[in-house]
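Numbering (our numbering), first residue to last: 95 to 348.
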Amino acid sequence: MRVMTSLLAALLALAAPAWAAPQKAKSAPAAAVPAAVSTAAVAASSVFLYPSSVPLTLESVLAHFQLYDREMQSLAARFTQTLTVPDTQVNQSVEGTLEYLKPGRLRIEHQRPERQTLVIDGKDLWIHRHAQNQVIQSSLEDWKKADPAIGSLMQFGDFARMLEVYDAVLDTSAAQAALVLRPKQRSETDLVLRLTLNAMNLFPAVTELGVGSLKVRSTLSELKINAPIPEKDFQFTPPYGADVLRNFKPPKVQ
Numbered sequence: 095m096r097v098m099t100s101l102l103a104a105l106l107a108l109a110a111p112a113w114a115a116p117q118k119a120k121s122a123p124a125a126a127v128p129a130a131v132s133t134a135a136v137a138a139s140s141v142f143l144y145p146s147s148v149p150l151t152l153e154s155v156l157a158h159f160q161l162y163d164r165e166m167q168s169l170a171a172r173f174t175q176t177l178t179v180p181d182t183q184v185n186q187s188v189e190g191t192l193e194y195l196k197p198g199r200l201r202i203e204h205q206r207p208e209r210q211t212l213v214i215d216g217k218d219l220w221i222h223r224h225a226q227n228q229v230i231q232s233s234l235e236d237w238k239k240a241d242p243a244i245g246s247l248m249q250f251g252d253f254a255r256m257l258e259v260y261d262a263v264l265d266t267s268a269a270q271a272a273l274v275l276r277p278k279q280r281s282e283t284d285l286v287l288r289l290t291l292n293a294m295n296l297f298p299a300v301t302e303l304g305v306g307s308l309k310v311r312s313t314l315s316e317l318k319i320n321a322p323i324p325e326k327d328f329q330f331t332p333p334y335g336a337d338v339l340r341n342f343k344p345p346k347v348q
């Protein structure tokens with residue numbers, strides 16, 4: 095699903111700029127990854143309902159994701175997320191909102207525990223840490239090159255390519271089916287993405303992302319698909335007096 099996986103990759107990048115930022119890097123909030131949605135919120139989007147008469151298979155799930163790619167032009171939601179890194183005893187929770195608009199535009203507002211704004215205009219990534227009035231600007235391409243997890247996730251959407259690069263398995267052992275993705279070529283960054291599927295429309299009801307020891311679990315609520323979103327939401331101008339770090343080069347994730 096190009097829309098959802100592009101969101102996922104961009105959201106995963108959110109934590110990294112703060113880790114490398116010159117001020118209070120360790121206090122930065124976690125990244126936000128979209129994923130869950132309430133049944134009530136999506137029921138109105140009848141075009142995305144999965145026919146109950148169609149058997150659930152890996153092929154049918156991927157075909158339904160292609161429907162989202164064709165028909166979903168925008169997405170807005172609230173999110174909650176937990177992030178854990180056992181090796182470093184990191185355990186964080188984040189709440190906020192997100193907006194996505196094709197092609198490749200994204201706005202995320204962290205509201206708790208620290209206010210933070212991320213804007214992607216399709217080319218550049220901007221992060222504004224409100225408490226410090228600090229702004230970081232970077233090329234989205236630089237993030238994709240620096241972090242193999244982000245680069246891998248950004249390849250989704252081309253389904254023939256996806257199945258060449260990823261092992262995709264449909265897990266139906268639990269009450270809700272889940273799509274599990276792993277890169278075929280293993281690396282030091284062992285990425286596993288589990289998408290638990292809403293029974294009504296196959297929208298990922300829960301997303302669980304593992305990258306090495308990093309574990310991220312996310313949910314969405316108040317989901318709005320194809321609602322109008324102003325173009326200006328995806329434009330960013332640093333506020334007056336902000337400490338602006340431009341052309342930031344993210345460290346390569348090993």
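Even glycine gets a Cβ: it sits at the ideal position worked out from N, Cα and C.
Per-residue DSSP class, three states only, for residue 266: Three-state DSSP puts residue 266 in coil, outside helix and strand.
Just curious, the alpha helix (DSSP H) that residue 152 is in, first and last residue? Run containing residue 152: 152-165, per the alpha helix (DSSP H) assignment.
Continuous alpha helix (DSSP H) stretch holding residue 240: start and end: Boundaries of the alpha helix (DSSP H) around residue 240: 234-240.
Considering Cα atoms alone, identify which of 238, 212, 284 and 291 is closest to residue 264. Checking every option, the nearest Cα to that of residue 264 belongs to 291.
Note the first and the last residue of the continuous beta strand (DSSP E) segment covering residue 221. Where residue 221 is concerned, the enclosing beta strand (DSSP E) stretches over 218-223.
Taking just the CA atoms, how far does residue 261 sit from residue 310? Whole-angstrom Cα-Cα distance: 20 Å.
Where residue 315 sits in the DSSP three-state scheme: Looking at residue 315 - three-state DSSP - the assignment turns out to be strand.
Buried or exposed: where does residue 335 fall if 16 or more other Cβ atoms within 10 Å of its Cβ makes it buried? Exposed is the call here.
Kindly indicate which three-state DSSP category residue 173 falls into: helix, strand or coil? Three-state DSSP puts residue 173 in a strand.
Where do the ends of the beta strand (DSSP E) carrying residue 189 lie? It spans 184-195 - the beta strand (DSSP E) in which residue 189 sits, taken as one unbroken run.
Kindly indicate which three-state DSSP category residue 326 falls into: helix, strand or coil? Under the three-state reduction of DSSP output, residue 326 falls in the helix class.
Any Cβ of chain C within less than 8 Å of the Cβ of residue 275? Given the protein chain composition of this structure (a single chain), no chain C is represented.
Given 8 Å, three or more beta-carbon pairs between the segment 167-174 and the segment 147-158: Because the criterion of three Cβ pairs below 8 Å is not met, the segment 167-174 and the segment 147-158 do not touch.
Residue 342, buried or exposed, once every other Cβ within 10 Å from all chains shown has been counted against 16: A buried status is given to residue 342, since no fewer than 16 other beta-carbon atoms sit within 10 Å of its beta-carbon.
Hey, quick one: how far does the beta strand (DSSP E) through residue 337 stretch, first residue to last? Taken as a continuous stretch (DSSP letters only), the beta strand (DSSP E) holding residue 337 covers 337-339.
What is the rounded straight-line gap between the Cα of residue 165 and the Cα of residue 231? Answer to the nearest angstrom: the Cα atoms are 31 Å apart.
Thinking residue 193 and residue 201 are a contact (beta carbons under 8 Å), I'd like their distance in whole angstroms, please. 5 Å between Cβ atoms; contact.
Within 10 angstroms of the Cβ of residue 216, are there 16 or more other Cβ atoms? Answer buried if so, exposed if not. It is exposed - the Cβ of residue 216 has fewer than 16 other Cβ atoms within 10 Å.
With residue 278 and residue 259 assumed to form a contact (beta carbons below 8 Å), what rounded beta-carbon distance in angstroms separates them? Going by Cβ atoms, the distance from residue 278 to residue 259 rounds to 6 Å, so yes, they are a contact pair.
Considering only residues of the same chain and omitting the five flanking positions on each side of residue 211, which have a CB-CB separation below 6 Å? Residues of the same chain with a CB within less than 6 Å of the CB of residue 211, apart from the 5 flanking positions on each side, are 203 and 222 in chain order.
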